[in-house]
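Take the sequence shown: its letters are residues 496 to 801, numbered as in my numbering. Presented below is the structure to which this report refers.
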Amino acid sequence: MTPPKLSFILLAITSAICMGTIGTLARFAALPAEHITFYRLFLGALCLLVYMLASSKRSQILHKPGKRTLINGAMLAGFMFFYIQAMNYTSMANAVMLIYLAPLVSAVFAHFIFKERLAFANVLIIAIALLGFAMMMQFSVANSGNKKEILGLFYGVLSLLTYSAFMLINRKPDKSTPYQSTLVQLVTGALCLLPLMLASRPEISANQALWLLAIGIIPGFIAILCAVKALRNLPAVTFGTLAYVEPVAVVCFAWFLFAETLNLLQLTGCTLIILAGIAQGVLMQRAGSKAGPGVTLTDKASSPSA
């Protein structure tokens with residue numbers, strides 16, 4: 496098998512780092528989660544539309560989207576909104592590590608919904624990931640001992656569940672191209688959040704508007720475009736492994752910019768979650784290879800960065 500080109504590996508890493516900037520940019524924007532998520536989706540869709548118009552993809556814009564694509568747009572809005580809400584109440588590290596439990600949680604749901612039996616190795620990996628998150632929490636539901644931390648974890652769990660649903664819906668192949676499904680999901684997600692955004696209309700300063708623009712361009716457009724291009728050329732396990740640059744980036748941003756430090760126990764927990772996620776990706780890739788051809792790009796998009 497031909498090894499993946501360095502340029503596609505760099506695209507996957509760029510996508511992961513850009514995705515990891517959302518927490519930092521959201522804190523600088525200092526606006527409600529519904530506004531941040533709306534502009535991330537809306538401006539991301541606008542940038543993608545301009546890109547498709549300016550490239551050979553313009554013929555793909557007008558099409559009839561499938562029901563699952565529309566539902567996934569709502570799930571996309573949900574997990575992004577709850578993820579930002581979680582970071583408003585708990586640490587960025589806690590929020591991102593909860594999101595990265597989604598591939599493992601979706602495997603458990605698939606065991607019951609799609610009858611995809613979990614092997615002993617899968618169960619062991621899930622147990623390791625849960626141990627890792629318990630270490631992140633320092634074996635306490637809310638290590639800070641206040642309601643704010645518990646609320647943050649609650650929103651984090653909601654982001655985990657909505658992203659798991661997003662992944663499960665994506666299990667079946669879709670007729671639309673990656674650009675088509677991405678555009679529809681971004682627009683659908685923005686429309687889902689529009690009523691919430693209109694219900695609360697805080698005054699947006701020029702400085703905040705610039706942060707919103709950065710949110711729409713960096714984690715909203717550049718991250719997704721790089722992910723789509725990388726997914727076209729990288730094996731699923733390679734892309735899934737590189738996607739774990741995102742939680743590392745989030746922890747680094749939180750450390751350097753907001754002084755959110757982690758102790759040795761929490762760092763060990765982060766490492767266990769990341770290794771468990773990578774191992775789960777390897778097992779899924781092997782299972783897919785044994786099942787034969789027919790894996791689509793949506794099947795590959797099994798990490799939060801996608």
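Using N, Cα and C, we set each Cβ at its ideal position, and we do this for glycine too.
Residue i versus residue j - alpha carbon distance
i: M587; j: M547; result: 33 Å
i: R612; j: C513; result: 35 Å
i: F661; j: L571; result: 7 Å
i: M692; j: L619; result: 42 Å
i: W750; j: K670; result: 42 Å
i: Q703; j: A616; result: 47 Å
i: G539; j: M630; result: 35 Å
i: V777; j: S550; result: 34 Å
i: P714; j: A685; result: 15 Å
i: E755; j: R563; result: 38 Å
i: A614; j: L625; result: 17 Å
i: F576; j: S654; result: 8 Å
i: P788; j: L506; result: Its pLDDT being 43, under 50, P788 is placed unreliably by the model, and nothing is read from it.
i: K667; j: I717; result: 26 Å
i: A590; j: M582; result: 6 Å
i: L708; j: S700; result: 12 Å
i: E644; j: F607; result: 31 Å
i: K854; j: P730; result: The first residue shown for the chain is 496 and the last is 801, placing residue 854 beyond what the model contains.
i: G627; j: F523; result: 29 Å
i: L762; j: S635; result: 16 Å
i: G568; j: N641; result: 34 Å
Buried versus exposed, by CB contacts within 10 Å (16 or more), residue i
i: E698; result: exposed
i: V545; result: exposed
i: N814; result: Given a span of 496 to 801 for the chain in the structure shown, any question on residue 814 remains unanswerable.
i: F609; result: exposed
i: A622; result: exposed
i: C687; result: buried
i: T509; result: buried
i: L648; result: buried
i: L501; result: exposed
i: L863; result: With the chain represented from 496 up to 801, any question about residue 863 goes unanswered, as that position is not in the structure.
i: A801; result: Because A801 carries a pLDDT of 45, less than 50, the predicted location of this residue cannot be relied on, and no value is offered for it.
CB of residue i within 9 Å of CB of residue j, strictly
i: Y534; j: Y650; result: no
i: P598; j: Q780; result: no
i: A511; j: V740; result: yes
i: M632; j: G764; result: yes
i: Q580; j: A528; result: yes
i: Y595; j: I769; result: yes
i: A690; j: R727; result: The sequence shown places Pro at residue 690, not Ala. Contact: no.
i: L720; j: L543; result: yes
i: V723; j: T677; result: yes
i: I664; j: I566; result: yes
i: I504; j: L737; result: yes
i: G711; j: L541; result: yes
Residues near residue i in its chain [Cβ-Cβ closer than 7 Å; skip 5 each side]
i: V652; result: L593
i: G515; result: E741, A744, V745, F748
i: S659; result: A597, V600, S601, F604
i: G573; result: T657
i: L752; result: T519
i: A725; result: F503, L506, A507, S510, F734
i: W706; result: L520, F523, A524
i: Q680; result: T564, N567, G568, L571
Close beta carbons around residue i, own chain, < 6 Å, minus the five adjacent residues each side
i: A521; result: I531, I579
i: L646; result: Y584
i: K552; result: Y674
Range covered by the alpha helix (DSSP H) that runs through residue i
i: S654; result: 642-664
i: P690; result: 673-694
i: A722; result: 718-726
i: S550; result: First-last for S550: undefined, no H or E at that position.
i: E741; result: 740-753
i: T564; result: 562-584
i: T509; result: 501-515
i: T733; result: 731-737
i: A590; result: 587-594
i: S601; result: 597-608
i: N758; result: No alpha helix (DSSP H) contains N758, which DSSP labels as neither H nor E.
i: L557; result: Segment: none, L557 is in no alpha helix (DSSP H) and carries neither H nor E.
i: I713; result: Where I713 is concerned, there is no enclosing alpha helix (DSSP H), given that its DSSP letter is neither H nor E.
Contacts around residue i, its chain only, beta-carbon distance under 8 Å, and the 5 residues preceding and following it disregarded
i: A782; result: none
i: S695; result: P527, E529, H530
i: G561; result: D669, K670, S671
is_contact[residue i, chain C] using C-beta, thresh 9 Å
i: R535; result: Among the protein chains of the structure shown there is no chain C, as only one such chain exists.
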